[in-house]
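Protein chains: 2
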Amino acid sequence: MAVTLNAFRVFAATARSGSVSRAAAAVRRTPSAVSMTLKQLEEAIGRPLFDGERKTRLTPTGRLALAEAEAALDRFDRATEAIRAFAAAETGRLSLSVTPSVAEQALPAALAAFRAARPRVEILLRDTDSANVAADVAEEAAEIGIAGPPDPADPIADGLAFRPLFRDAIGLAVRCDDPLADLHRPVRWADLDGRTLLTHAVAGEIPAARAPSEDAPLRALTVTSALALVRAGLGVTILPRLVAPTGESDLIFLEMAPDAAPRRTVGLITKRDRPLSPAAEAALVEIERALDALAARLGAAFERL
Amino acid sequence: MAVTLNAFRVFAATARSGSVSRAAAAVRRTPSAVSMTLKQLEEAIGRPLFDGERKTRLTPTGRLALAEAEAALDRFDRATEAIRAFAAAETGRLSLSVTPSVAEQALPAALAAFRAARPRVEILLRDTDSANVAADVAEEAAEIGIAGPPDPADPIADGLAFRPLFRDAIGLAVRCDDPLADLHRPVRWADLDGRTLLTHAVAGEIPAARAPSEDAPLRALTVTSALALVRAGLGVTILPRLVAPTGESDLIFLEMAPDAAPRRTVGLITKRDRPLSPAAEAALVEIERALDALAARLGAAFERL
DNA sequence: ACAAAAATTCAGAAAAACTGAAATACTACC
DNA sequence: GGTAGTATTTCAGTTTTTCTGAATTTTTGT
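The listed protein sequences derive, respectively, from chains E and A.
Each residue of the first sequence is one higher than the one before, starting from 921 at the first, in the working numbering.
Each residue of the second sequence is one higher than the one before, starting from 921 at the first, in the working numbering.
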């Protein structure tokens, strides 16, 4: 004796088509099922919804009921669709906080693929240093963080989970004609005596980059501009393998000795025990795929984990 | 495997209370039924809605689903409530078109009772002559008409139904000291020779009121003002029993002979084969009740039909 | 680690919804 | 105005869905 959404659906189909049999076809039921449902609905409401002539004309109550039923059906259908789309990662929000090197080298390909497949997902990308990445994730400003492992001394680390994604070597970008290029062994700090070491945003990610220099520091804002200065002969710069120039170039990457500058580990930072949104999970797939592609391209100085 | 409104209801109760058992109590089911419904919903959506810890925390998908489910539930509940209220004549619109005599004498009591019982029903009352009442109903400007029977020659009469409500005598309102008051028999037109017959809006409803007068016509706008003129000795006025003054008064009502002015029949005019709204049906009950009360008060010159 | 509480699973039971056949109501055509 | 044809309703039985209660597993608090 209760009004059900299904009864609304049957009623709306009947009122719209003006016929029990057509409504039955529309809702994939037999006419007798439709007839019974309609009767139940009228009993629950306590008034007829149709008057006389077959089911072609609505009573005043029927007209109101049709409007209300269609509004309720529409809201329900949109609700289920919204949930389905969100669960299928077709909609939602993807918020990432990553270090500059990742933002520049790993994410563009991943996000391009993600965006092409899921154009209705809102994307928010922030790049900052590792400590801030962890903070962003901790305070839920970002759902996904990609950076070095959170500092265990920091209390926010307790609520975070870290999963390594890759490890890459720290090294120098030098001109091909630089004497260091002929070293044929890992570089050590001593090799840089008397040389100018250019600094830039990504270099800030490298814990070991305590460049001992007598000269005043020479800082560039981006890796690109730092490399331009290196190319112009102003010095060398330190950077992780991920952002070093690859392939034919007038610059080459020289790995540093592990005890001079140990490889850095970069991984996924998320809130502990907090499931990811479907969109974030889908993004992660693309990110891992992009990292695999990078690993294939960058060789041994870049280890996929 | 489809998402159902009932699953939404169970899910919302669980998410709100944070517990399967409390939700079960809220929806009057056993915990096992709730557990199964939740499982079905998660299967249909293809993602978990809760994470780990009992059912206290929602996943991102669960948060979205809760918002959507509650919106859908709310819309459904409001739809059923709106339909119920309309069917119970608690809401809706009551539009009436009636003749002035009915508007003045029969309706006030009926509408007062109706209004007190159903304050949320919008009321629209128009008073006009019988032909316009019929027209109002025909073009659905009014759902209920109360007037004389529609003219069968008028094409709009085909779409209308007429049900007699009462019949009342046509007569004169005269001063107690008027010579006509001593007639002690039905009045005929000849009795009015040499007298002034006052006209007013309600007199227009009376088909027989072809007052043969040599003097210039004397017209008042309302019955009240016409009676004031009668009281002042300017003449007599013709009116149906319904609007004549009753009880102790300086005026008395003298019924006319049936062949001089036959009783008028007033009835309900509605669209043929068109059911009334619940509000209109409820109003009709009050109107009939008010007419019964009038019949008891007005005596033989007013017949309830 | 253990007792207690909560949730889940499962099988059977109850309720609801559906179907097909037969009866009835309505329409349209002669 | 009657009748054939179509649409709808009713009914009984069946299928499907949903629910319950007991047993089991999981989780929590001590």
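Where a beta carbon is used, it is the ideal one built from N, C-alpha and C, also for glycine.
Fair warning: this is a prediction, and the values are worked out from it, not measured in the lab.
Test: residue i CB closer than 8 Å to a CB of chain E
i, result
"T950 (chain A)", "no"
"E963 (chain A)", "no"
"D1056 (chain A)", "no"
"D1078 (chain A)", "no"
"S1197 (chain A)", "yes"
"P980 (chain A)", "yes"
"L967 (chain A)", "Here the sequence assigns Arg to residue 967 (chain A), which means Leu is not the residue at that position. Answer yes: the Cβ-Cβ gap between R967 (chain A) and chain E drops below 8 Å somewhere."
"G972 (chain A)", "yes"
"D1212 (chain A)", "no"
"D1193 (chain A)", "yes"
Residue environment, residue i, which counts as buried when at least 16 other CB atoms sit within 10 Å
i, result
"T1019 (chain E)", "buried"
"A1210 (chain E)", "buried"
"G972 (chain E)", "exposed"
"P1072 (chain A)", "exposed"
"L1141 (chain A)", "exposed"
"K975 (chain A)", "buried"
"A935 (chain A)", "buried"
"G1114 (chain E)", "exposed"
"D1056 (chain A)", "buried"
"D1047 (chain E)", "buried"
"S952 (chain E)", "exposed"
"R1038 (chain E)", "buried"
"A1220 (chain A)", "exposed"
"D1179 (chain A)", "exposed"
Cβ distance (whole Å) where residue i is taken to contact residue j below 8 Å
i, j, result
"A964 (chain A)", "V954 (chain A)", "Not really, about 16 Å apart at Cβ, beyond 8 Å."
"V1107 (chain E)", "L1174 (chain E)", "5 Å"
"L1084 (chain A)", "L1225 (chain A)", "It should be pointed out that residue 1084 (chain A) corresponds to Pro in this sequence rather than to Leu. Going by Cβ atoms, the distance from P1084 (chain A) to L1225 (chain A) rounds to 4 Å, so yes, they are a contact pair."
"A1008 (chain A)", "I1207 (chain A)", "A1008 (chain A) to I1207 (chain A), Cβ: 19 Å. No contact."
"I1158 (chain A)", "L1092 (chain A)", "6 Å"
"R1151 (chain E)", "R1095 (chain E)", "7 Å"
"R1013 (chain A)", "A1199 (chain A)", "7 Å"
Same chain, Cβ closer than 6 Å to residue i, neighbours up to 5 away in sequence not counted
i, result
"P1165 (chain A)", "L1171"
"T957 (chain A)", "A927 and V930"
"A1005 (chain A)", "T1011"
"S1015 (chain A)", "L1044, A1062 and E1063"
"A1177 (chain E)", "P1106 and R1108"
"S937 (chain A)", "A943"
Close-in-space but distant-in-sequence residues of the same chain around residue i (CB under 8 Å, 5 per side omitted)
i, result
"A908 (chain E)", "Summary: the structure shown does not reach residue 908 (chain E), with chain E confined to residues 921 through 1225, and so no result is reported for it."
"L1149 (chain A)", "L1118, L1138, A1140, G1155 and T1157"
"D1111 (chain A)", "L1100 and L1103"
"R1183 (chain E)", "R1087, D1088, A1089, I1090 and E1223"
"D1212 (chain E)", "R1224"
"L925 (chain A)", "A992, L993 and F996"
Neighbour flag for residue i against chain A, beta carbons, 8 Å
i, result
"A985 (chain E)", "yes"
"F1006 (chain E)", "yes"
"E988 (chain E)", "yes"
"A1203 (chain E)", "no"
"T1000 (chain E)", "yes"
"L925 (chain E)", "yes"
"F996 (chain E)", "yes"
"A991 (chain E)", "yes"
"I1003 (chain E)", "yes"
Neighbourhood of residue i by C-beta distance below 7 Å, restricted to the same chain and skipping five residues each side
i, result
"S1021 (chain A)", "V1122, E1125, P1160, L1162 and V1163"
"A989 (chain A)", "F928, F931 and A932"
"P968 (chain A)", "E962 and T979"
Extent of the continuous alpha helix (DSSP H) run through residue i
i, result
"T1151 (chain E)", "In the sequence as presented, Thr is not what sits at residue 1151 (chain E); that position holds Arg. Unbroken alpha helix (DSSP H) run through R1151 (chain E): V1143 to R1151."
"D994 (chain A)", "P980 to A1007"
"A1093 (chain A)", "Element bounds for A1093 (chain A): not the alpha helix (DSSP H) but the beta strand (DSSP E), I1090 to R1095."
"T1157 (chain A)", "That residue, T1157 (chain A), is in no alpha helix (DSSP H); its beta strand (DSSP E) goes V1156 to P1160."
"D1056 (chain A)", "S1050 to A1058"
"R949 (chain E)", "It is not in any alpha helix (DSSP H) - R949 (chain E) carries neither H nor E in the DSSP assignment."
"V1205 (chain A)", "P1198 to L1218"
"F1034 (chain E)", "L1027 to A1037"
"S939 (chain E)", "Per DSSP, S939 (chain E) belongs to no alpha helix (DSSP H) and is neither H nor E."
Unbroken beta strand (DSSP E) run spanning residue i, endpoints
i, result
"V1186 (chain A)", "R1184 to K1191"
"A1067 (chain E)", "I1064 to A1067"
"G1012 (chain A)", "G1012 to V1018"
"L1045 (chain A)", "V1041 to D1047"
"R1224 (chain E)", "F1222 to R1224"
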